[in-house]
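**Q** Just so you know, we're using this note's numbering here: the sequence shown kicks off at -11 and counts up by one. Beta carbons are placed, not taken as given, at the ideal position from N, Cα and C, and that holds for glycine. No experiment lies behind these values; they were computed from the predicted model shown.
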Amino acid sequence: MKIAFRTKKIGFYKTIMKEVAETSAVDAQMYMQIQPDWADAGESCWLDVYERSVKIAAFTTHELAQDERLTAEVHSSPSSQYQLPLSSASQATGEPHFVQILSREATWIDVKVDLKSKRKLRTVFQAPNETVDVPVTTDSEDPGKPSSLLQLHTVDVSKDERYVVVGGSDGACMLWDSQNRAQMLPLKGHVADVTSARFFPSSQVVLTGSLDFTLRIWSVNGRCAAVMKGHLGGIEDVAIVGRGRNVLSCGTDGLIQLWSCGTQDVIAKWANDDQSPVHCLSIMDGTAQLLVEGDYQPTTSENEAETDGKVLFAGLDNGETLGVDIRARGAVLNLEGFAGSIISCAATTVTASLPMLFTGSEDGLLTVWDLRHTSAPLHALSRSSSPIYSIAVAAPSADSPASTCSVWTAHGDGACSNWSSLGEKPHVATELTGPQYDAVRGIAIGDQTGRVFSACRDGRLREYIPHIVT
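(1) Is it true that the CB of C268 sits closer than 7 Å to the CB of G230?
(2) Buried or exposed: which applies to H219, given that a residue is buried once 16 or more other Cβ atoms fall within 10 Å of its Cβ?
(3) Quick one: is L323 buried, meaning 16 or more other Cβ sit within 10 Å of its Cβ, or exposed?
(4) Could you round the C-beta distance between R40 and Q21 to whole angstroms and report it? I think they count as a contact, below 8 Å.
(5) So the beta strand (DSSP E) C212 belongs to, where does it begin and stop?
(6) So the candidates are W407, W206 and S68; which of them puts its Cα closest to the Cα of E419?
(7) Under a Cβ-count criterion, where at least 16 other Cβ atoms within 10 Å of its own Cβ denotes burial, should A213 be classed as buried or exposed?
(8) Can you find the residues in the same chain that come closer than 6 Å, C-beta to C-beta, to T81, ignoring five residues on each side of it along the sequence?
(9) Quick one: residues in its chain with C-beta nearer than 7 Å to the C-beta of I228, no 5 flanking neighbours on either side, listed in chain order?
(10) What are the boundary residues of the beta strand (DSSP E) that includes E412?
(11) Can you tell me which residues form a DSSP beta bridge with P454?
(12) Going by beta carbon distance, what residues of the same chain come within less than 8 Å of D401, once the five residues before and after it are set aside?
(13) Which of the three DSSP states, helix, strand or coil, is assigned to D121?
(14) Between the Cα of Q171 and the Cα atoms of G210, D28, I271 and G318, which residue gives the shortest distance?
(15) Compute the Euclidean distance between the alpha carbons of V62 and M216, then round it to the nearest angstrom.
(16) Please determine, among Q23, V37, V124 and M162, the residue with the shortest C-alpha to C-alpha distance to R107.
(17) Can the beta-carbon of L359 be found closer than 7 Å to that of P414?
(18) Please report the straight-line C-alpha distance between V122 and Q167, rounded to a whole angstrom.
(19) If we call anything under 7 Å between Cβ atoms a contact, is A432 one with D144?
(20) Compute the distance between the beta-carbons of T243 and A256, then report whether it is under 7 Å.
(21) Helix, strand or coil, according to DSSP, for A46 in the structure here?
(22) DSSP on S157, reduced to helix/strand/coil?
(23) Around the C-beta of D387, are 16 or more other C-beta atoms found within 10 angstroms, so that it is buried, or is it exposed?
(24) With a threshold of 6 Å, establish whether the CB of S270 neighbours any heavy atom of the ligand MN.
(25) Residues in its own chain within less than 6 Å of A27 by CB, not counting five upstream and five downstream?
(26) With respect to the beta strand (DSSP E) encompassing N234, which residues constitute its N-terminal and C-terminal limits?
(27) For the beta strand (DSSP E) that A170 lies in, which residues bound it at each end?
(28) Between T534 and T355, what straight-line distance do the alpha-carbon atoms span, to the nearest angstrom?
(29) For T362, collect the residues of the same chain with a Cβ closer than 8 Å to its Cβ; drop the 5 residues on either side in sequence, then sort them by chain order.
(30) Note down the Cα distance separating E51 from L109, rounded to an integer number of angstroms.
(31) Specify, as a first and last residue, the run of the beta strand (DSSP E) that N260 falls within.
(32) Determine the direct distance from the alpha carbon of D181 to that of R445, and round the result to whole angstroms.
(33) So the beta strand (DSSP E) P73 belongs to, where does it begin and stop?
(34) For G447, which option in G434, I456 and G422 has the closest C-alpha, if you only look at C-alpha atoms?
(35) The beta strand (DSSP E) spanning R150 covers which residue range?
(36) Is D28 helix, strand or coil by DSSP?
Right, dumping it as structure tokens:
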């Protein structure tokens, strides 16, 4: 079954603009950026403090009075750079900022800035606890020649946190036993870049997608159990439905496909009228009824399981985000784009009544949507103009309020940011360092310990044990 979604197009009409939402000067976001190798810098390192705000406005056409389109404008102020003493806690320096090291350990440093306007900015900068080089593997390696490193595109960690999988350039895919710290096991089969890798809930099976148009299913012993073919373009992302009888994929051919792992057949597929490439996928459980208006007749297949109540979200190259009821096969949401291409997304239900969607764009905009009210985003945040390649959501603990749900974003300038209090007053609480401005293409969070793994273009897998300030 193939379903095409019709997306609204806006012609070349004279437009008028009205402001929908703007981050005011008082509430504009302040950010800090530290020297990437601060942990090895010695006596001091540089620290940048800067401000960025996002203004959301709606364009309304005269001819189509009901047709509005949101657009985002990012405003930034020049940064102020300081030398941050690392040998001891800093004291008050000059105006207009007061920079202080609250505490420091070997792998993290807690920095606070008191601003003249009585606002406070506090961020923990975290160096990796372990860095693992991921070399290019060939069948005829010269033992005397140093191995070059892969460009990494994706990472995931198993539910039991024993295994970590990374995918990279030229079909390379590697499995690392993080418990035994064993040498990486190559998963050989793909012939083009591996763009997405996901563990099944069992922690024993891995799903990968590649620009070679195929998906593959692997056991953790390295055996390829299945190859699934059906895309007409490179695969950009994959997702696993429930326990894994079905999986989803999206690609540069503009298709989203639902697969049966048992038969390796396509059960359903969706397309968009623009044939816009689909870059990312995320599945939300148990929220279809919150987004669907009226009754609907679900479409089922004998090879389909655990799709009831699940909604998939997909980010498109044209900037739109689609929401699809997997079981009913119908669109339940179409968020018009107001930034660049949507290249990462993550959906979560913090509570049964609070479905949230996070999207990341190629021009660095993190957009937070309350899916009950989608006329305008809850927040639009911009740490920098670098692409947001990956988003991972860390759910709050049982005794934490819903608003403490935190989100990790991986950026094209080498940073990974932990955004806290996204339901109320968002801010970057922790920033992972290490890469020297090489893009971080993937990020994954351990369900049990909260460890964070990042995959970087420099060919290194980094493991962090974040120090989170409450």
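**A** According to the structure shown:
(1) no
(2) buried
(3) buried
(4) Actually they are not in contact, since the Cβ atoms of R40 and Q21 sit about 11 Å apart, beyond 8 Å.
(5) C212 to K217
(6) W407
(7) exposed
(8) Legend: pLDDT at T81 = 46, less than 50; position of this residue unreliable, value from coordinates given subsequently. Excluding sequence neighbours, T81 sits near nothing in its chain.
(9) R186, F188, L195 and V235
(10) Where E412 is concerned, there is no enclosing beta strand (DSSP E), given that its DSSP letter is neither H nor E.
(11) P454 is not bridged to any residue.
(12) S372, S374, Y425 and A427
(13) strand
(14) G210
(15) 42 Å
(16) V37
(17) no
(18) 17 Å
(19) yes
(20) In the sequence as displayed, the identity of residue 243 is Leu instead of Thr. Cβ distance not < 7 Å, so L243 and A256 don't count as in contact.
(21) strand
(22) helix
(23) Bear in mind that a pLDDT of 49 at D387, under 50, signals an unreliable position, so the model cannot answer this.
(24) The model on display carries no ligand, and the ligand MN is accordingly not part of it.
(25) A115
(26) N234 to G239
(27) No beta strand (DSSP E) holds A170; DSSP gives it neither H nor E.
(28) The structure shown has nothing for residue 534, since the chain only spans -11 to 458.
(29) L321 and L323
(30) Caution is warranted here: a pLDDT of 47 is assigned to E51, below 50, making its placement in the model unreliable, and no coordinate value can be reported.
(31) D253 to N260
(32) 12 Å
(33) S68 to P73
(34) G422
(35) It is not in any beta strand (DSSP E) - R150 carries neither H nor E in the DSSP assignment.
(36) helix
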